[in-house]
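There are 4 protein chains.
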Amino acid sequence: MIILLHLDAGPAQRAAVREALEGFGMSVSEVSLGARTALVTEGDGHPAASLARLPAVEQVIQTETPAPLAAATLAGGGRPVSVGTTLFSAETLTIVAGPCTIEDAGTLREIAGLVKQAGADALRGGAYKVRTSPHQFQGGGIEALQELRAVSRECGLPFFTELNDPRQVSAVADLVDGVQIGARHMQNFPLLTEAAKLGKPILLKRHMSADLDEFLLAAEYILDAGNEQVILCERGIKSAERHVRYLLDVGAVPWLKERVGLPVIVDPSHAAGHHRLVPALARAAVAAGADGLIIEVHPRPEETRCDALQALSPTTFAQLVTDVRRLAALTGRRAGKVASDGGAAETGASGDGPVLRTAAEA
Amino acid sequence: MIILLHLDAGPAQRAAVREALEGFGMSVSEVSLGARTALVTEGDGHPAASLARLPAVEQVIQTETPAPLAAATLAGGGRPVSVGTTLFSAETLTIVAGPCTIEDAGTLREIAGLVKQAGADALRGGAYKVRTSPHQFQGGGIEALQELRAVSRECGLPFFTELNDPRQVSAVADLVDGVQIGARHMQNFPLLTEAAKLGKPILLKRHMSADLDEFLLAAEYILDAGNEQVILCERGIKSAERHVRYLLDVGAVPWLKERVGLPVIVDPSHAAGHHRLVPALARAAVAAGADGLIIEVHPRPEETRCDALQALSPTTFAQLVTDVRRLAALTGRRAGKVASDGGAAETGASGDGPVLRTAAEA
Amino acid sequence: MIILLHLDAGPAQRAAVREALEGFGMSVSEVSLGARTALVTEGDGHPAASLARLPAVEQVIQTETPAPLAAATLAGGGRPVSVGTTLFSAETLTIVAGPCTIEDAGTLREIAGLVKQAGADALRGGAYKVRTSPHQFQGGGIEALQELRAVSRECGLPFFTELNDPRQVSAVADLVDGVQIGARHMQNFPLLTEAAKLGKPILLKRHMSADLDEFLLAAEYILDAGNEQVILCERGIKSAERHVRYLLDVGAVPWLKERVGLPVIVDPSHAAGHHRLVPALARAAVAAGADGLIIEVHPRPEETRCDALQALSPTTFAQLVTDVRRLAALTGRRAGKVASDGGAAETGASGDGPVLRTAAEA
Amino acid sequence: MIILLHLDAGPAQRAAVREALEGFGMSVSEVSLGARTALVTEGDGHPAASLARLPAVEQVIQTETPAPLAAATLAGGGRPVSVGTTLFSAETLTIVAGPCTIEDAGTLREIAGLVKQAGADALRGGAYKVRTSPHQFQGGGIEALQELRAVSRECGLPFFTELNDPRQVSAVADLVDGVQIGARHMQNFPLLTEAAKLGKPILLKRHMSADLDEFLLAAEYILDAGNEQVILCERGIKSAERHVRYLLDVGAVPWLKERVGLPVIVDPSHAAGHHRLVPALARAAVAAGADGLIIEVHPRPEETRCDALQALSPTTFAQLVTDVRRLAALTGRRAGKVASDGGAAETGASGDGPVLRTAAEA
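Heads up: the protein sequence lines correspond to chains A, B, C and D, in order. Residues 2 to 363 (the numbering used here) are what the first sequence spells out, left to right. Residues 2 to 363 (the numbering used here) are what the second sequence spells out, left to right. Residues 2 to 363 (the numbering used here) are what the third sequence spells out, left to right. Residues 2 to 363 (the numbering used here) are what the fourth sequence spells out, left to right.
Structure, rendered in structure tokens:
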């Protein structure tokens, strides 16, 4: 820890800081920075804020990583996540697709069939919705989830669904393949902890105003609860720009992949907020090195009760899958769906190895 | 609802929009805007997003209020909120004060005595903390709350405490005077709904990235659950400015008070993030017409486990209470603590009525 | 123009709005929206703000495009921009590269040679710098520009350089190939107007806090001064996120390309602020459909006086050019440098046509 | 300067940093922070960015103030600014008022009379406007300024007017009392430098996306050009919140006043963007310790060509002046207009000294 002192901190004030540190059992050394002085300790033992309160202190610079469990996932080649026969990893481009919300069994089955045919690796569908207004449709609940469970089995694709209340967790324990935590619940720590205990993969979306350290610390809660199957999902940042709903933080992808070994995927649908922008954002995410995408698809978007403006038509989605598979092939990435014989599913890649690099660039 | 059509929308595309609207049982009229055309309906019955999906549609403008229950609180002189003998209203400046977190009974009793003496109207103290990192102190839980309950009774000030999990609600039902919903849980709708059912006052903080409509819609969830005792609390917005932790949206105070009849208070402590800025923000809030303040106070801030940098010393707090009571007296506001004889507590106001206006200005 | 009236606007108040409109010679019709009423006019003749001031008016919705000259550039296949033998267009991926600032003739010549060899289509280099502090190096001025002029001729690549003062324009008229307007000067309208009069291509960067309408209106100033050779450049948005310097608004690329026919390029160097993130942002921009890139390159970044952290080494730049040329080939885009025989320069594309779509997606 | 090294920086990489520093003639010491190491130098001589480029370096922390001239203004009791007989200082609340733009001599004379009668200390009025669109009214230019010059003399109030082009400076040298630099030109450094040379007071507005260090560095340019008569003006920050046009950064007032001795005033008109919010923001600014206000006033706002929505009516302005004078009297502040006998003008303050504190709070 480095404690930068005020330019005009006098000897008594300096001594007070030193004594406070020593009172916490820390050994302190003093270094001169020219006009001003800093105190330096080994380790960040004591809360920085308390020290910052002392009159001599201008700034406290902590030098230990705030999210050590997240940082540790870099070791040993990272932490690929499997959901059934689908894999999220640095070698795959894994595509999750489906409706915003589960409406009726027929439509759900239709969408599942279409996205599977287009090349999706997993399904998504909401039963417990997080809606800005109490007067909006709140989701179909457990019955909707049972439908999704059935359709998922029929088509052979695992699924993710969002939970937003720790009391839902035990009820859905046997129903879900993977849990999604929505952006607005990224810092709902009781929910993260309870969901983590399911022992199933957690797709954690970044809050639209969270900085990247806060995002990693939310993942840290899940890791701290003993669950390492975490998929990070960037979905756009709220900003002063009014014309694109959220700003997709495409730079977050390489930033995160340098710092943690967890899969990093992107949700272009919620970022864009408009179907016409979704394909460009999806391609950008893949070109930036994302390990996967999660995309809303609906055969008749104008009839859906939720997110109609951003859902892709099946045709546009199929074209987009083709496009991003080609991009991914340039870096040797294959699809995330593992074939029943244990090998990788066909990817459309030429097979002669990556030609672009996606790791941190020298 | 006004549906603005694209400049180049052809007759068939227009007809499709009209048919969609009529399919929802809406009567439609067409108006010319010069180069382009709009369709107009009575009421916003159908989800705007679905219409926006049609090719002819450029923009859908909804004209009904999204939060009708919140808007209705303006009627009949607004909705003052009572917590024990303390009142939040347009005629009071009600000051809530206390530690960030409940640490030990002795310190808690000391703080309660100090803030009461300084003129606070209610206490605050956290037992269930929302901490960015799992490695930080998470609060003392139910035992801490029982201590706060006891100290509150001793000193005769009611208290607010934060809940962050719907499962906590039943456990604390008999313990708490008022529930605080923290900024990060503003859109935790299951929590809002469950807490609302307690039938006790809810102090709802605005998320640091919520716009004001989203804030009102969060209040709408509580109102929709049948609880009208809602206090809105502005506590600063996350922005690109790095030097002041959050930007206190002081303009939100008059904006909200024009649109809803709920008390609007301000938390200068979390906005500022630094004790040296807290008094200025507090005075600004009162001058802008806030109905109250919630402030962190600690006798030895450098020893606290949480928010040390922003807690006011008791001396600074006492001076601040004097200052803001004088400001409030200029608009005829009295303290929120109702004296035991049923009259208003002494305010320091000269008694000759308001000289500044705080209602919406002509 | 649509004038939405307040729910409680009385007959006299309504009449006042109608009279105001009629006073400006506009014909007005009234439409019912259920609980409220709107007035509708043909065209946006009168300033919206004046009407918004009337007591009955809740909102004024303008329906004409604010930037008609920019919108008109969509017609006739858009407005490709040529700088010497280099072309910016929807069919090219045009790469501008060079140092942040022109330091000495030797280094400049070295960089120009390296980026040309790597495949750049044009040079960049700053002689008049916009530095946050007066104590930083402010650029080499006209002498530096003469060096860049000479090096540009030697290597056969045209160049862009930034102007930041309308008084510089006449002095550089015979020296420059294209003018860059930096982000901080996007709304320096006297500079835009004066630079436009040179009749040379203008590379206009978006301000880090400008929304897209403001960006188009800045271009509108140049168009209004009679110069249609405008290249729009997205370079990242200032946001609350602290870890990536600016958020690259990759969605701005398709948004802009739907609305104007001007080339849209991206500056990943200033967005990233760190060389390790530049390649990922560059690839994302190209995958999203950008018409070009502008990138800072320096052979010994640790020695440069400006922007050392974000400059790419020549090796990394060369690899990046290879990578983005492959991405661009997927959509049939060729390099922007036109070969001396008038044909397109070699691109590395397979030649069998585009396989990805970059236009607005259906 | 503190150079924090990466956790895994090896001996050779460390040596390279040390050598780079020594190559710049700096003496270096090494300190252990537990798991990692830092290098420390006296002073910030070498550009931080170059060092940050070395592979071993994680972060460079500069410890010298970036704006030393601005910091030096704290000495000797600060730098009050006089414009004619009007004073901006820590002892005054100085109110500048007038129209957005100078329209005709009659209206201008009417407004000047009204604001003087209401208690304003100086006039404002724009002749060179910074308009988002080239199709909007751009201001009346030099003729408008001559009118303002005449009206100012008649009513005995000095005036500020905005310049936006360094070429305007010499033309207006004999006409203006004080120069305003608008928010969009805060980082137009050639303009700042040229305007500074006039030797007249400069009212410098903060850009709506500038952080406070950038604001101080813009002032540093003026100071560096030899002009210490700088008035800083906060006018609101662009944020994701859509309902209040700009977020008034009221915390910037005490933050700036702790760090520089220049007057700090607030523009509530441009922050609010709506006349109904202006009084609350103005009162908040004064309560937070602002040294003055600059406010738009118009007798018939619905007729003005610019900013109609935010201009106060003369009646509302007069009430606001009364209100803020009372607030200011609580801290012993008097009006900024110095009476012709050299004493302070009457303030309405009771005269028995300040009762609130506005300096940095202990």
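Ideal Cβ positions, reconstructed from N, Cα and C, are used throughout, including at glycine.
Nearest-angstrom Cα distance between Asp-342 of chain A and Glu-229 of chain C? Reliability fails at Asp-342 of chain A, whose pLDDT of 44 lies under 50, so the model's placement of it is uncertain and the value that follows must be treated cautiously. Roughly 59 angstroms between the two C-alpha positions.
May I ask you to report which of helix, strand or coil DSSP gives Ala-336 of chain B? strand
Sub-8 angstroms separation of Val-267 of chain D and Ala-329 of chain D beta-carbons: no
Is it buried or exposed, Pro-12 of chain D, if we count other Cβ atoms within 10 angstroms and call 16 or more buried? exposed
Give the range of the beta strand (DSSP E) segment to which Phe-160 of chain C is assigned. 160-163
Could you name the residues of the same chain whose beta carbon sits closer than 7 angstroms to that of Gly-290 of chain B, not counting the 5 residues immediately before and after it, in chain order? Val-254, Pro-255, Lys-258 and Thr-359
What is the DSSP secondary structure of Cys-156 of chain A, counted as helix, strand or coil? helix
Based on DSSP bridge pairs, tell me the residues matched to Gly-127 of chain A. A:Thr-102
In three-state terms, what does DSSP make of Glu-92 of chain C? coil
With a cut-off of 8 angstroms, does the C-beta of Ser-51 of chain C fall near any C-beta of chain D? yes
So, are the CB atoms of Ala-113 of chain A and Gly-99 of chain A less than 8 angstroms apart? yes
To be precise: take each residue of the region 132-166 of chain C, compare its Cβ to all Cβ atoms of chain D, and keep it if any distance is under 7 angstroms. Which residues remain? Thr-133, Ser-134, Pro-135, Asn-165 and Asp-166
Close-in-space but distant-in-sequence residues of the same chain around Thr-64 of chain A (CB under 7 angstroms, 5 per side omitted): Met-2, Ile-3 and Asp-45
Complete runs of the beta strand (DSSP E) confined to the region 175-212 of chain C [at least 3 residues]: 179-182 and 203-206
Quick one: is Ser-210 of chain B near chain A, going by C-beta distance under 8 angstroms? yes
Counting only Cβ-Cβ distances shorter than 7 angstroms, please list the residues of the region 226-245 of chain B near chain D, keeping chain order. Ile-238, Ser-240, Ala-241, Glu-242, Arg-243, His-244 and Val-245
Same chain, Cβ closer than 6 angstroms to Pro-280 of chain D, neighbours up to 5 away in sequence not counted: Leu-321
Cβ neighbour criterion (16 or more within 10 Å) applied to Ser-30 of chain C: exposed
Taking only the alpha-carbon atoms, compute the straight-line gap between Ala-174 of chain C and Gln-118 of chain D and give it to the nearest angstrom. 52 angstroms
Would you call Asp-382 of chain D buried or exposed, if buried means 16 or more other Cβ atoms sit within 10 Å of its Cβ? There is no way to answer for residue 382 of chain D, as the model of chain D reaches only from 2 to 363.
Start-to-end residues for the alpha helix (DSSP H) that takes in Glu-259 of chain A: 253-260
If you measure from the beta carbon of Phe-318 of chain D to each beta carbon in chain C, is any gap under 8 angstroms? no
Under 8 angstroms, Cβ to Cβ, is there at least one residue of chain A near Glu-221 of chain B? yes
Counting only the same chain and skipping the five closest in sequence on each side, list residues whose C-beta sits under 7 angstroms from that of Ala-219 of chain B. Met-187, Gln-188, Leu-193 and Leu-205
C-beta contact flag for Leu-55 of chain D and Leu-40 of chain D at 8 angstroms: no
Helix, strand or coil for Gln-118 of chain C? Go by DSSP, reduced to three states. helix
When you compare the CB of His-7 of chain D with every CB in chain C, is at least one pair closer than 8 angstroms? no
Does the beta carbon of Arg-37 of chain C sit closer than 8 angstroms to a beta carbon anywhere in chain B? yes
Chain D partners of Asp-214 of chain B, CB-CB under 9 angstroms? Arg-243 and His-244
Specify, as a first and last residue, the run of the beta strand (DSSP E) that Glu-297 of chain C falls within. 293-297
Per-residue burial, Phe-25 of chain C [other beta carbons within 10 Å of its own, 16 or more giving buried]: exposed
Any Cβ of chain D within less than 8 angstroms of the Cβ of Ser-314 of chain A? no
What are the complete beta strand (DSSP E) segments, minimum 3 residues, inside the region 212-248 of chain B? 231-235
Could you compute how far the alpha carbon of Leu-70 of chain D sits from the alpha carbon of Arg-306 of chain D? 40 angstroms
Rounded straight-line distance, which links the Cα of Arg-125 of chain D to that of Thr-316 of chain D: 18 angstroms
For Ser-314 of chain D, the three-state DSSP class (helix, strand or coil): coil
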